[in-house]
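In my numbering, the protein residues as written are 1 to 381.
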């Protein structure tokens with residue numbers, strides 16, 4: 001028998017980075033640690049009873065797959081809670097333990113689907129109650145509120161804060177969310193000509209509504225379209241289209257000189273380098289505006305006055321480039337295909353991508369460079 005017949009038994013989940021694995025595991029550690037601390041602080045007897053095993057399963061979803069519809073706040077809190085109610089109710093009417101477990105889990109699944117709150121650990125919550133009828137005797141339906149709803153809510157809140165702190169998006173993006181620019185326009189990568197209902201229909205037709213949200217489906221389709229567009233443009237790399245005659249600033253360059261360079265060259269971004277030439281970040285014009293706006297609010301003065309003060313050559317202690325630059329912007333190498341740059345530029349995530357070699361900047365790809373390359377490829381095609 002050939003090995004390919006066993007492909008269905010191979011891992012279905014793509015390989016992840018060690019960083020992501022640690023991020024998810026550490027998040028669960030923090031979430032459950034906080035939950036246990038809160039319970040011990042409240043001096044509740046039997047903390048082990050309150051920290052039931054399904055909370056560990058909820059942590060897997062909340063911290064490892066936060067984009068899943070199964071991991072969203074409504075699904076987690078409501079799903080676990082109604083499952084607990086189902087388990088307690090079944091304990092009151094079915095004495096046989098085997099039948100009680102089966103009915104409790106089946107009823108919990110049915111209610112979760114009807115409530116649009118499917119959360120797999122909810123089945124375990126119902127089973128825990130059915131296997132331990134003393135829970136129903138001692139706590140009754142209050143068990144659904146404390147600990148189930150309360151601890152799940154603590155885990156969800158921790159997941160929200162942890163996602164923001166680690167650069168992830170949780171809760172799930174919604175189709176009608178505002179764009180990053182706080183307008184009602186969809187992100188360019190998501191302007192597919194399909195409305196929310198049509199995308200929902202696609203998910204239902206392929207039975208994926210429990211695995212993927214409408215917003216993420218739009219993003220995936222949009223990203224695929226950009227990838228196809230890049231393929232049609234040919235195997236163009238960042239090294240072929242980047243600007244090479246660079247104007248850079250040192251980390252200690254005062255902002256008045258940065259402003260002069262922006263004014264003189266008409267650039268929207270300037271790479272920042274160390275004395276040894278190593279690239280360390282990028283300054284965009286918006287960084288100057290944001291800093292001036294912050295000063296205006298803090299000092300209760302006008303924006304123009306704050307900007308003038310920010311770039312004043314006579315400041316005793318001038319603000320340096322390193323103080324306002326961005327260090328999180330995406331980076332590329334000379335061999336990076338433009339297919340990888342298209343989504344970044346189209347989504348408004350950045351105006352320019354530095355091209356590095358051995359930690360030194362050798363070029364920069366701007367939106368203008370990218371548009372010119374695509375236009376040239378289109379004319380050739």
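Ideal Cβ placement from N, Cα and C applies to all residues, glycine included. Since the model is a prediction, treat every value here as computed from it, not as a measurement.
Neighbourhood of residue i by C-beta, 6 angstroms cutoff - its chain only, sequence neighbours within 5 removed
i, result
"residue 375", "none"
"residue 300", "none"
"residue 256", "311, 313"
"residue 162", "27"
"residue 259", "311"
"residue 295", "306"
"residue 319", "255"
"residue 64", "24"
"residue 53", "none"
"residue 368", "none"
"residue 327", "281"
"residue 264", "none"
"residue 97", "none"
Enclosing beta strand (DSSP E) for residue i [first to last residue]
i, result
"residue 280", "279-284"
Integer-rounded CB distance, given that residue j should sit under 8 angstroms from residue i
i, j, result
"residue 151", "residue 55", "6 angstroms"
"residue 237", "residue 336", "6 angstroms"
"residue 278", "residue 331", "No, residue 278 and residue 331 are not in contact; Cβ-Cβ is about 13 angstroms, not under 8 angstroms."
"residue 34", "residue 154", "6 angstroms"
"residue 276", "residue 250", "Not confirmed; about 11 angstroms, so no contact."
"residue 144", "residue 75", "Not a contact, Cβ separation roughly 16 angstroms."
"residue 325", "residue 283", "5 angstroms"
"residue 14", "residue 170", "Not a contact, Cβ separation roughly 20 angstroms."
"residue 273", "residue 280", "7 angstroms"
"residue 357", "residue 321", "Their Cβ separation, rounded to whole angstroms, is 22 angstroms, which puts residue 357 and residue 321 out of contact at 8 angstroms."
"residue 172", "residue 72", "5 angstroms"
"residue 78", "residue 115", "6 angstroms"
"residue 329", "residue 350", "5 angstroms"
"residue 50", "residue 39", "5 angstroms"
Min CB distance residue i to chain B below 8 angstroms
i, result
"residue 120", "Included in the structure is just one protein chain, with no chain B present."
Range of the contiguous alpha helix (DSSP H) that encloses residue i
i, result
"residue 271", "From DSSP, residue 271 is part of no alpha helix (DSSP H) but of the beta strand (DSSP E) over 269-273."
"residue 263", "255-265"
"residue 71", "Unbroken run through residue 71: none, as it is neither H nor E."
"residue 31", "18-41"
"residue 382", "Because the chain is modelled from 1 through 381, residue 382 falls outside the range shown and cannot be assessed."
Sheet register partners of residue i (DSSP bridge)
i, result
"residue 97", "DSSP lists no partner for residue 97."
"residue 250", "273"
"residue 59", "For residue 59, which the question treats as bridged, DSSP gives no partner whatsoever."
"residue 237", "337"
"residue 243", "364"
Own chain, CB closer than 8 angstroms to residue i, minus 5 neighbours either side, in chain order
i, result
"residue 183", "Residue confidence for residue 183 is low, a pLDDT of 49 falling below 50, so the modelled location carries little weight; the figure read from the coordinates is stated next. So the list is empty, once near-sequence residues are dropped."
"residue 364", "242, 243, 246, 269, 271, 352, 353, 354, 355"
"residue 30", "158, 162"
"residue 1", "Residue placement at residue 1 is poorly supported in this model, since its pLDDT is 48, which falls under 50; the coordinates are not used for a value here."
"residue 370", "241, 338, 341, 342, 345"
"residue 57", "120, 121, 124"
"residue 373", "233, 236, 240, 241, 338"
"residue 9", "none"
"residue 200", "209, 214"
Sequence-distant residues of the same chain with beta carbon closer than 7 angstroms to residue i, five excluded per side
i, result
"residue 104", "86, 87, 90, 126, 127, 129, 130"
"residue 94", "100, 103"
"residue 285", "262, 268"
"residue 92", "136"
"residue 70", "61, 118, 119, 120, 210"
"residue 148", "80, 81, 84, 125"
"residue 68", "61, 211"
"residue 291", "310, 324"
Check: residue i C-beta below 7 angstroms from any heavy atom of the ligand COA
i, result
"residue 89", "As presented, the structure is devoid of all ligands, the ligand COA included, so that no description of it is given."
**Asked** Can you give, in chain order, each stretch of the alpha helix (DSSP H) that sits fully within the stretch 285-364 and has at least 4 residues?
**Response** 285-299, 303-310, 321-324, 338-346
**Item:** Complete alpha helix (DSSP H) runs within the stretch 110-170 (minimum length 4 residues, chain order)
**Value:** 121-131, 134-138, 150-165
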